[in-house]
Amino acid sequence: MIASEVLKFKKIKDDYDRAYQLVSYLFRDKTDKAGMPYIDHLICVSKMLDSTNTKIAGLLHDVVEDISNFTLDDLKTLGFSNDIVEIVRIVTKDKSKKKCYHDWISEIIETNNIEALKVKYADIMDHLSLERLNRLDEEKRCYFINKYQEEAYRLKQVLITV
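Letter by letter, the sequence shown follows residues 5 to 166 in our numbering.
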């Protein structure tokens, strides 16, 4: 169940603004691997997307995975549509399943949810951006390139065929 201080965001009528205010609050003290504000990643992912639902899901895509005790039901309670919550569900890695990254991306592809595929592709492309990679040391940079490059290619191949 979400904390009472988060319920205040339910009053925000505009879905995008509600999502932005929510992640600004939830990720206020979080940084990425290079020590930059994590919110920057969420904003970049959202900006790469074209529809309202994918832009909102782009902002929210790491909330359930990275914020302790925050659930998909919490997103519903805050007024996000079933379509947005479903996109977030699909792109949220279930850590209890212990799947390798390649298998998890395969699971996302198998859903045939194009909006979720777009969000995951945007997420990976931001992780592969030179701006982000150049902030990392050589070891981390190589790790992320190896982790994401093939999966970005796989997702792109699916997306160009739809």
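We treat Cβ as the ideally placed atom computed from N, Cα and C, and that holds for glycine.
Name the residue from LYS80, TYR24, HIS45 whose alpha carbon lies nearest to the alpha carbon of SER133.
Mapped onto the sequence shown, residue 133 falls at position 129. The shortest C-alpha separation from SER133 is found at HIS45.
Go ahead and label THR167 buried or exposed: buried means 16 or more other beta carbons lie within 10 angstroms of its beta carbon, across all protein chains shown.
Absent from the model: residue 167. The displayed extent of the chain is 5 to 166, so no value can be given.
Given GLN161 as reference, the closest of TYR29, LEU137, ASN116 once Cα atoms are compared:
Stepping through the sequence shown from its first residue, residue 161 is reached at position 157. Per the Cα distances, ASN116.
Any idea if ARG32 is buried or exposed, counting beta-carbon neighbours within 10 angstroms, 16 or more meaning buried?
Against the sequence shown, residue 32 aligns to sequence position 28. Exposed, since its Cβ has fewer than 16 Cβ neighbours within 10 Å.
Within 7 angstroms, strictly: CB atoms of ILE112 and LYS124
On the sequence shown, position 108 is the one that residue 112 refers to. On the sequence shown, position 120 is the one that residue 124 refers to. It is a contact, given that the beta carbons lie within the stated cut-off.
Within the chosen definition, does the region 51–69 reach the region 79–95 through at least 3 CB pairs nearer than 8 angstroms?
yes
Less than 7 angstroms between the beta carbons of GLU155 and ILE128, yes or no?
In the sequence shown, counting from the first residue as 1, residue 155 sits at position 151. In the sequence shown, counting from the first residue as 1, residue 128 sits at position 124. Yes, Cβ-Cβ distance for GLU155 and ILE128 is below 7 angstroms.
Classification of HIS131 by the beta-carbon crowding that lies within 10 angstroms, buried from 16 upward
By 1-based counting over the sequence shown, the position of residue 131 is 127. Classification of HIS131: buried, given that the 10 Å Cβ count is 16 or more.
Tell me which residue opens and which closes the alpha helix (DSSP H) that ASP87 is part of.
Residue mapping note: residue 87 aligns to position 83 of the sequence shown, counting from 1. Looking at the DSSP string, the run of the alpha helix (DSSP H) that includes ASP87 is 86–95.
Nearest-angstrom beta carbon gap, LYS151 and TYR105 [assumed within contact, 8 angstroms]:
On the sequence shown, position 101 is the one that residue 105 refers to. On the sequence shown, position 147 is the one that residue 151 refers to. Correct: roughly 6 angstroms between the Cβ atoms.
THR35 bridges to which residues according to DSSP?
For the purposes of this step, residue 35 is taken as the residue at position 31 of the sequence shown. Paired residue(s): PRO41.
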